[in-house]
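Working notes for the structure below.
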Amino acid sequence: MRALFCTIAMTLLTIGLAAHADTTYNIYTFNGSQTSGSVMIGNTVDLWVRMTTDDPVVGARYDVLLPTDDWSLTAHNYSTYGWKVNDGLFDNSVPLETASYPIAVTNTLYNTTPTDPDFHLETVRSDFQPLSAGTWTMADFSLYIPGDTPFGSYTISLRNIYAYEGDGTPIAVSAGDDYILHVTDIPEPATIALLGLGLLGLAARLRRRS
Numbered sequence: 062m063r064a065l066f067c068t069i070a071m072t073l074l075t076i077g078l079a080a081h082a083d084t085t086y087n088i089y090t091f092n093g094s095q096t097s098g099s100v101m102i103g104n105t106v107d108l109w110v111r112m113t114t115d116d117p118v119v120g121a122r123y124d125v126l127l128p129t130d131d132w133s134l135t136a137h138n139y140s141t142y143g144w145k146v147n148d149g150l151f152d153n154s155v156p157l158e159t160a161s162y163p164i165a166v167t168n169t170l171y172n173t174t175p176t177d178p179d180f181h182l183e184t185v186r187s188d189f190q191p192l193s194a195g196t197w198t199m200a201d202f203s204l205y206i207p208g209d210t211p212f213g214s215y216t217i218s219l220r221n222i223y224a225y226e227g228d229g230t231p232i233a234v235s236a237g238d239d240y241i242l243h244v245t246d247i248p249e250p251a252t253i254a255l256l257g258l259g260l261l262g263l264a265a266r267l268r269r270r271s
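Structure below.
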């Protein structure tokens, strides 16, 4: 009897663990930061969305919520990462990758949460072959920050997150992390470094001429 009880308990535990597999999304920058980045006013910032999952994923959905409706979406790319685009059935992303950019991101673009300007991805794998467990890049997008944007730190959030297994079953737990974008009038270190190299090159050319 005790052996039977242990077998049943282990079976229930295994089912419970399987049911609580999770999927986490986060926004990151090219240098790999998952928590924050910076951009000068009047410039464009490129961001990526990454997913970490315990189970194979064939379909995904998330909202990107911005702190202001003054910014523009200048690109939204997900076909590169293996997702269906603009097929009129499986791709319900807003805006579609094939839309005409730039697009002002306001709460009339995608009006599920009227108080938050946002856009979202909602599509399935282009070949219906699920992503295996692990960490994957889902999409990338670019935001233009107007020159009159006040300096400060702005939160970009991921909300209303879902992921689906290969048989269409929703994965039990899905979550998204916030990303802090610092809007400044100071170039990023990488930009400063490139400027420095350019000035050194110019100085070398002038030295050779003289």
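Residue numbers (my numbering): 62 to 271. Just so it is clear, CB atoms sit at the ideal spot from N, CA and C, and this is done for glycine as well. In this text, all values refer to a predicted model and were calculated from it rather than measured experimentally.
Point to revise | the stretch 215-230 touching the stretch 136-143, judged by at least three CB pairs closer than 8 Å | key: Judged by Cβ distances under 8 Å, the stretch 215-230 makes no contact with the stretch 136-143, as fewer than three pairs qualify.
Exercise for review: Give every residue of the same chain whose Cβ lies closer than 6 Å to the Cβ of residue 178, excluding the five residues on either side of it in the sequence, and list them in chain order.
Suggested key: 127, 130, 166, 167 and 168
Review point. Should residue 141 be listed as close to the ligand COA, given that the test is whether its C-beta is under 8 Å from any heavy atom?
Key: In terms of ligand content, the structure shown is empty, and the ligand COA therefore cannot be addressed.
Point to revise | Given 8 Å, three or more beta-carbon pairs between the stretch 109-121 and the stretch 220-232 | key: yes
Point to revise | Contacts around residue 198, its chain only, beta-carbon distance under 7 Å, and the 5 residues preceding and following it disregarded | key: Within the same chain, residue 198 has close Cβ partners 109, 111 and 142.
Practice item. Name the residue from 205, 231, 91 and 200 whose alpha carbon lies nearest to the alpha carbon of residue 163. Key: 205
Review point. Which residues bound the beta strand (DSSP E) around residue 185?
Key: 179-185
Check your understanding: Does the stretch 86-100 come close enough to the stretch 144-164 to have 3 or more Cβ pairs within less than 8 Å?
Key -> no
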